[in-house]
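Numbering (the working numbering), first residue to last: 4 to 198. Heads up, the beta-carbon is just placed ideally off N, CA and C, and yes, glycines get one too. What follows is a short report on a single structure.
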DNA sequence: ATGTCGATTTGCT
DNA sequence: GCAAATCGACATA
């Protein structure tokens, strides 16, 4: 059975926090050099574009780095953080509206051995935004990748995450954003509830 | 041209 | 618990 990729309409929504919540339980997959690695999304954060002081697009500013966020929904925004970590985001909403969802953590399901090798670590950890990108082989060169293409996609495997299992809270590492740092834009759940 | 800081992780003290 | 790693964006000169 071919992967059931999320349609463009999934990403083309006005409420970026709704997309962030609905991404929990979906499966993020990469297919590089004939090898597939994938994991269930367990943690996300919404970034609400121009009006959000924590967003790279705050105030509507455009740079070579963040311009992909202003494009159509369903594309990958990948940037380098602290000079080292490749952070993976999903662009949402209409062109011109720079909404994005940061994928912060995964529960590995496919290609676990390859993920471990990429991490070059004894323990496979995909519990942070930088480590999950490394485990999936995602790099800044994949910035702008179409999530309905064959390199990186997100699929629906009908894994239900009940509202009661979801914890909502303020985003991580955005203390500089003033009041916006307090917004409940972070969504996560404990992967131990999974079958 | 130079300096500071960031949507972080790791290893060493 | 702290600092190194190290690049893009921005402020200051």
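In the structure shown, the three-state DSSP call for residue 26 is helix.
Look at the beta carbons and you see the stretch 146-154 not touching the stretch 162-181: under three pairs across the two are nearer than 8 Å.
In this structure residue 39 does not touch residue 49 by the C-beta definition: roughly 27 Å separates them, more than the 8 Å allowed. Between the stretch 83-90 and the stretch 5-24, the count of C-beta pairs closer than 8 Å stays below three; the two stretches do not touch. Taken in chain order, the whole beta strand (DSSP E) runs of length 3 or more contained in the stretch 87-131 are 88-95 and 102-113. Looking only at 186, 61 and 138, the smallest Cα-Cα distance to residue 34 is reached by 138.
With contacts defined as CB atoms closer than 9 Å, residue 133 and residue 121 fail to qualify as a contacting pair. Listed as beta-bridge partners of residue 8 by DSSP are 158. The Cβ neighbour count for residue 46, taken over all protein chains shown within 10 Å, is at least 16; the residue is labelled buried.
Residue 61 carries a helical assignment under DSSP once its states are collapsed to helix, strand and coil.
Out of 186, 180, 21 and 192, the CA that lies nearest to the CA of residue 56 is found in 180.
Beta-bridge partners of residue 34 (DSSP): 39.
In the displayed model, residue 195 falls within a helix according to three-state DSSP. When 51, 106, 102 and 196 are compared, the shortest CA-CA separation from residue 91 is found for 106.
Short of 7 Å from the beta carbon of residue 52, and not among the five residues preceding or following it, lie these beta carbons of its own chain, in chain order: 58, 60, 100, 101 and 102. Straight-line measurement puts the Cα of residue 98 at about 31 Å from the Cα of residue 110.
A Cβ-Cβ distance of about 7 Å is found for the pair residue 194 and residue 43, placing them in contact under the 8 Å criterion. Note on geometry: alpha-carbon atoms of residue 178 and residue 66 lie some 22 Å from one another. The C-beta distance from residue 112 to residue 164 rounds to 15 Å, too long to meet the 8 Å contact threshold.
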